[in-house]
């Protein structure tokens, strides 16, 4: 950036500046720029550089580093502007004092005399090796007094507008120095000290403090970045463990869901089979129900038909060792005397109904071999005086279903008889005046 050549001579130091480039502000600015470049490029700058580079790949840390870099850039630009402002203030102060001295004629003559002898004394200061190796700001202080200064780094127009930099015009400065050496080294406040020496005193008094502050801030920033990186790395580790556990749980849940799905599919298959079997069983059950109903109806019909050969004798006294068949035949001979000789051959089976009870006389069921003789006895029993005199009566042998039908038809038959109508039963059926009636 700079092409500075300092040569020792007996009169005064000569400074040559490359007119195609601009002057840098000071060496500590260069150091800061190098440090920023080093951090930005990822080169090792501290004992934790490897850890910083490993964490910089994280998006969160990259975003934080970007924000911190922008903040450091802004602080750096502000510091440059403050430095320009301080240099401008020093220049204005020295220029104002020079003008006040020149207003006095006697002081001007003395200043010219001192100025004519000053280069020889100034050359002693410049010929020292330390002066030749001073930073750019100290070695080029004579040009700073009359030239415009550009930082070469600042990109923010606002600080530059607040503190306008000095223009760099080394040719004008050199010509002014050659025409009037006293004007270049005239310092009215301190006639015996050159501007370069004052600038060196300024750098040694103020710039080290600023540099130390900046380095301290960079050290604090480095520690902050390391702490944030450690915290972020710890958080990433914890999150990785938690994510691994969640993945394991999710995998376990997925396996359980797959097992449940297989079980559910198997159960659904079995349910479909059972449903088909139930449909078949329902069809079979419906067919069986219809068959049973038909058979029950047929059985009831057969039972009712078979009982038409029977008559029940009620009121016959019950005794021990009793000949029930003989006594039943004698009662029937009294009811139908004209069939006296046929009854012993027609009466088939005679027995009492149900278990014996002490307070009740059980009925006697009589089964006939001939239906015509049974119907003749049944008709004769309706008007038999013998049965009424002995408190006995004959009744038809009906099924439970037929008895229930008769029970419901009896009120209708009884009302018809009270009205002097011909009403009678035939099996489970009832007739009134020759017309069959049905229960309500």
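In my numbering, the protein residues as written are 24 to 463. Cβ coordinates follow ideal geometry from the N, Cα and C atoms, glycine included. Being a predicted model, the structure only gives us computed values, none of them experimental.
1. I need the boundaries of the alpha helix (DSSP H) containing residue 333, first residue and last residue.
2. Put residue 371 into one of helix, strand or coil per three-state DSSP.
3. Using DSSP with H/G/I as helix, E/B as strand and the rest coil, what is residue 417?
4. Kindly confirm or deny that the stretch 364 to 376 and the stretch 346 to 355 touch, where touching means at least three C-beta pairs closer than 8 Å.
5. Got a sec, what are the start and stop residues for the alpha helix (DSSP H) residue 409 sits in?
6. Going by beta carbon distance, what residues of the same chain come within less than 6 Å of residue 428, once the five residues before and after it are set aside?
7. Quick one: what's got a C-beta closer than 7 Å to residue 463's C-beta in the same chain, skipping five residues either side?
8. Return helix, strand or coil for residue 314, following the three-state DSSP convention.
9. Tell me whether residue 103 is buried or exposed, calling it buried when 16 or more other Cβ atoms sit within 10 Å of its Cβ.
10. Are residue 354 and residue 339 closer than 8 Å when you measure CB to CB?
11. Since residue 387 is in the alpha helix (DSSP H), which residue starts that stretch and which ends it?
12. Assign residue 358 to one of two classes, buried (16 or more other C-beta atoms within 10 Å of its C-beta) or exposed (fewer than that).
13. May I have the straight-line CA-CA distance separating residue 320 from residue 326, to the nearest angstrom?
14. Which term fits residue 213, buried or exposed, when burial requires 16 or more other beta carbons within 10 angstroms of its beta carbon?
15. DSSP on residue 445, reduced to helix/strand/coil?
16. If you compare alpha carbons, which of 232, 413, 95 and 403 is closest to residue 243?
17. What distance in whole Å lies between the Cβ atoms of residue 401 and residue 336, which are believed to be in contact at a cut-off of 8 Å?
By the coordinates alone:
1. Looking at the DSSP string, residue 333 is not in any alpha helix (DSSP H); the run it does join, the beta strand (DSSP E), is 333 to 337.
2. strand
3. strand
4. yes
5. 408 to 412
6. 451
7. none
8. helix
9. buried
10. yes
11. Unbroken run through residue 387 is the beta strand (DSSP E), 387 to 391; no alpha helix (DSSP H).
12. buried
13. 10 Å
14. Because residue 213 sits at a pLDDT of 46, beneath the cut-off of 50, its placement in the model cannot be relied upon, and the following sentence gives the value as read from the coordinates. It is exposed - the Cβ of residue 213 has fewer than 16 other Cβ atoms within 10 Å.
15. coil
16. 95
17. Contact flag wrong, Cβ pair sits at about 11 Å.
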